[in-house]
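Q:
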Amino acid sequence: MKTALITGITGQDGSYLAEFLLDKGYKVYGLRRRTATENDSNIKHIKHEIEFISGDLSDLSSLIEAVKIAQPDEVYNLAAQSFVADSWMQPIFTGQVTALGVTNMLEAVRQVKLDSRFYQASSSEMFGKVVETPQNETTPFYPRSPYGVAKVYGHWITVNYRESFDMYACSGILFNHESPRRGFEFVTRKITDGVAKIKLGLQNELRLGNLEAKRDWGFAGDYVKAMWLMLQQEVPDDYVIATGETHTVKDFIEIAFQYVGLDWRNHVVQDPKFIRPAEVDLLLGDSSKAKDKLGWQPTVSFEQLVQMMVEHDLQRLGNGL
Ligand code: NAP
Ligand code: F7E
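Position 241 of the sequence shown, counting from 1, maps to 240 under numbering that gives the first Met the number 0, and the rest follow consecutively.
Listed below in C-alpha cells is the structure:
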C-alpha cells in the first residue's frame, strides 16, 4: 500500500485528490491547520478514511513531524493562500505561506525522507501579463499579483531542490479548475451560488468585477489525476495542465443564467470594489506535453462544468443548506 501526505486537504483540490488516492488504495494523511470552527465541508464524506496531522505550512517543525509520522511515498503540496484578490490585502502572509511554505515543505522532505516524491501546486497565474499565447512549459513568467509572484518562487524552489538534491519533485502548472467544491469567493462559484439564489428568490442581484477577463477553466476532478500521473513517471518534470479553451467571465455568466431560464442583464451589477489593482486579462494553456507524456486530457467541457456547478447550488440551496 502506498502512502501519501496531502497539504491543503480541506480545500477543493485536496478533497478530490484524497478521494482519488483512496480509490487507488493509498493510505492518505492530511495536513490540517487548527481552526476555531470546523471547515470540513469538502471532506466530510471521507473524513473517517483520512489520518489527519495538525500543522501549518509556515511552521517547519510541524511539517518535519508530519513527514516523520506519515513516511509518505508521495507528498502533494496543495496548501496555499490561494485567493488572488486577497493577496494584495495580505502580501506578506501570502509570501510566507504560498512562497516560503513550499521551501518549508521541501526542507521537511529533504531532512526526513528524501525519497518521497513531491508535487508542487503551481499556477497559470505565474504567466500573468502573458508574453505569448497559448502558454506552455517554456513560456516566460510575468506574474501580476503578490499571489502570482509567490507561486513563481514556489515553482523555482521546487525545480531548484530537484536539481540540487536529486529529489523527485514536479511542478504542475495548473490553469483554473473549478467544481461544486470551489470556494465561494472565486468568480465561478460566486456566479453559480448567486444564480441559484436569484432563481430561488433568495437574492436579486449579483455584484461582480471585470467581466471581460478570459480564463481556461477545467474541472478539478480531472486535474487531480494529472497531479498523480506526474508522480508516476520515470523522471520528474514540470507540466502545464489546461483545457486549451478560453472563455470570458461573461460567457460563464451567460451559460449559468441561461441554465435557469433568466437573463443575466437583469441581475448582474458591475462593482468597482471587485476590480483588481492589476489584472490577468487572458489565460489559455497548451497542455500537449501532458497529453503526450502523461496521456492526460480533460473530460468535462466548459458548458458541462458551468451546468454541474449551477445544478449543485440549486440542489444545495433548495434543500436549505
Ligand atoms: P483552496 O480550496 O483555497 O485550498 C487551500 C488549502 O490550503 C486549504 O485546505 C487551506 O486550509 C490550506 N491552507 C491555507 N493556508 C495554509 C497554511 N498556512 N498551512 C496549512 N494549510 C493551509 O485551493 P485549491 O483550489 O484547492 O487549490 C489547491 C492548490 O492549487 C493551491 O496551492 C492553489 O494555489 C493551487 N492552484 C489552484 C488552482 C485552481 O484553479 N483551483 C489553479 C492553480 C493552482 P483551510 O481550509 O484551513 O483554509
Ligand atoms: O478570478 C474576475 C477576476 O478569483 C477569475 C485561483 O484558484 O485560479 C484562481 O485565480 C477572474 C479574474 O480566480 C469577480 O478579476 C470578475 O480575472 O475566480 P478568480 P483567479 O484570480 O483566476 C488561479 C489559476 C489560481 O492559481 C488561484 O489560486 O474573474 N472577476 N468579477 C472576479 N473574481 C472574483 N473572485 N470575484 C468577482 O466578483
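From the three backbone atoms N, C-alpha and C, an ideal C-beta is built for every residue, glycine too.
According to DSSP, is Gly336 helix, strand or coil?
A: No answer is possible for residue 336: the residues shown for the chain start at 0 and end at 320.
Q: Let me check one thing: in DSSP terms, what residues is Ala79 bridge-paired to?
A: Looking up residue 79 in the sequence shown gives position 80. DSSP output for Ala79 lists no bridge partner at all.
Q: Pull up the distance between the alpha-carbon of His290 and that of Gln296, whole angstroms please.
A: Position 291 of the sequence shown, counted from the first residue, corresponds to residue 290. Position 297 of the sequence shown, counted from the first residue, corresponds to residue 296. According to the sequence shown, residue 290 is Lys rather than His. Rounded to the nearest angstrom, the two C-alpha atoms are 6 Å apart.
Q: For the candidate residues Leu210, Ala212, Ser123 and Ile190, whose alpha-carbon lies nearest to that of Gln202?
A: On the sequence shown, position 203 is the one that residue 202 refers to. When the alpha-carbon of Gln202 is set against those of Leu210, Ala212, Ser123 and Ile190, the nearest one is in Ile190.
Q: Report back the beta-carbon spacing between Ser57 and Gln95 to the nearest angstrom; my notes put them in contact at under 8 Å.
A: Numbered from its first residue, the sequence shown carries residue 57 at position 58. Numbered from its first residue, the sequence shown carries residue 95 at position 96. Right, their Cβ atoms sit about 5 Å apart.
Q: Which of the three DSSP states, helix, strand or coil, is assigned to Val268?
A: Numbered from its first residue, the sequence shown carries residue 268 at position 269. Looking at Val268 - three-state DSSP - the assignment turns out to be strand.
Q: Considering only the alpha carbon of each residue, which of Val108, Lys67, Phe92 and Glu136 lies closest to Ile172?
A: As a first step, residue 172 must be located in the sequence shown, where it is residue number 173. The option with the nearest alpha carbon to Ile172 is Glu136.
Q: Determine, using beta carbons only, whether Asp215 and Leu283 come nearer to each other than 7 Å.
A: The residue labelled residue 215 in the question sits at position 216 within the sequence shown. The residue labelled residue 283 in the question sits at position 284 within the sequence shown. Going by C-beta atoms, Asp215 is nearer than 7 Å to Leu283.
Q: Pick helix, strand or coil for Gln95, following the three-state DSSP scheme.
A: Reading the sequence shown from its first residue, position 96 is the one you call residue 95. Correct three-state label for Gln95: helix.
Q: Provide the residue(s) that pair with Val248 in DSSP beta bridges, ordered along the chain.
A: Along the sequence shown, read from residue 1 onward, the residue named residue 248 stands at position 249. None; Val248 has no bridge partner.
Q: In three-state terms, what does DSSP make of Ala69?
A: Taking the first residue of the sequence shown as 1, we reach residue 69 at position 70. It is helical.
Q: For a test of your reading of the model: does the CB of Phe92 fall under 6 Å from any non-hydrogen atom of the ligand F7E? Yes or no.
A: Residue mapping note: residue 92 aligns to position 93 of the sequence shown, counting from 1. Taking 6 Å as the cut-off, one finds no heavy atom of the ligand F7E near enough to the beta carbon of Phe92.
Q: Flag this pair as yes or no: are the beta carbons of Lys1 and Asp72 separated by less than 7 Å?
A: As a first step, residue 1 must be located in the sequence shown, where it is residue number 2. As a first step, residue 72 must be located in the sequence shown, where it is residue number 73. Yes. Within cutoff.
Q: Please give the ranges of any beta strand (DSSP E) in the segment 23–68, keeping only runs that are unbroken, at least 3 residues long and fully inside the region.
A: 26–31 and 49–53
Q: Quick check: what's the CA-CA separation for Val223 versus Leu16?
A: As a working mapping, residue 223 is identified with position 224 in the sequence shown. As a working mapping, residue 16 is identified with position 17 in the sequence shown. When rounded, the distance between both Cα atoms is 5 Å.
Q: With DSSP as the reference, please indicate the residues paired to Glu204 in a beta bridge.
A: As a first step, residue 204 is located in the sequence shown; it is residue number 205 there, counting from the start. None; Glu204 has no bridge partner.
Q: Does any heavy atom of the ligand ZN sit closer than 6 Å to the C-beta of Ala17?
A: By its list of ligands, the structure shown excludes the ligand ZN, since it contains just the ligand NAP and the ligand F7E.
Q: Would you mind working out which of Ser86, Phe183 and Gly294 sits nearest Leu207, comparing C-alpha positions?
A: Here residue 207 refers to the residue found at position 208 of the sequence shown. The candidate whose alpha carbon is nearest that of Leu207 is Phe183.
Q: So does Arg32 have its beta carbon nearer than 6 Å to some heavy atom of the ligand NAP?
A: Counted from its first residue, the sequence shown places residue 32 at position 33. At least one heavy atom of the ligand NAP is nearer than 6 Å to the Cβ of Arg32, so yes.
Q: Within 10 angstroms of the Cβ of Phe164, are there 16 or more other Cβ atoms? Answer buried if so, exposed if not.
A: Counting from 1 along the sequence shown, the entry for residue 164 is found at position 165. Burial call: exposed.
Q: Inspect the CB distances between the segment 243–257 and the segment 296–313 and report whether three or more fall short of 8 Å.
A: Yes, they touch.
Q: Between Glu124, Ser123 and Ala107, which lies nearest to Arg116 when the distance is taken from Cα to Cα?
A: Locating residue 116 in the sequence shown gives position 117, counting from the first residue. If we check each option's Cα against that of Arg116, Ala107 comes out closest.
Q: Is the closest heavy atom of the ligand NAP to the C-beta of His176 under 6 Å?
A: The count along the sequence shown starts at 1 and reaches residue 176 at position 177. Indeed, a heavy atom of the ligand NAP lies less than 6 Å from the Cβ.
Q: Is Thr242 near the ligand NAP, going by C-beta to nearest heavy atom under 6 Å?
A: As a first step, residue 242 must be located in the sequence shown, where it is residue number 243. Answer for Thr242: no, Cβ out of range of the ligand NAP.
Q: From Asn209 to Ala195, what distance separates their C-alpha atoms?
A: Walking along the sequence shown from the start, residue 209 turns up at place 210. Walking along the sequence shown from the start, residue 195 turns up at place 196. One C-alpha to the other measures close to 21 Å.
Q: Give the single residue among Asp285, Leu105 and Leu316 whose Cα lies nearest to the Cα of Glu131.
A: For the purposes of this step, residue 131 is identified with residue 132 of the sequence shown, where counting begins at 1. Residue Asp285 is the option with its Cα nearest to Glu131.
Q: Can Gln11 be considered in contact with the ligand NAP, in the sense that its beta carbon sits closer than 6 Å to one or more heavy atoms?
A: Here residue 11 is taken as the residue at index 12 of the sequence shown, counted from 1. Indeed, a heavy atom of the ligand NAP lies less than 6 Å from the Cβ.
Q: Say whether the segment 84–93 touches the segment 35–46, bearing in mind that this needs 3 or more beta-carbon pairs closer than 8 Å, one atom from each stretch.
A: no
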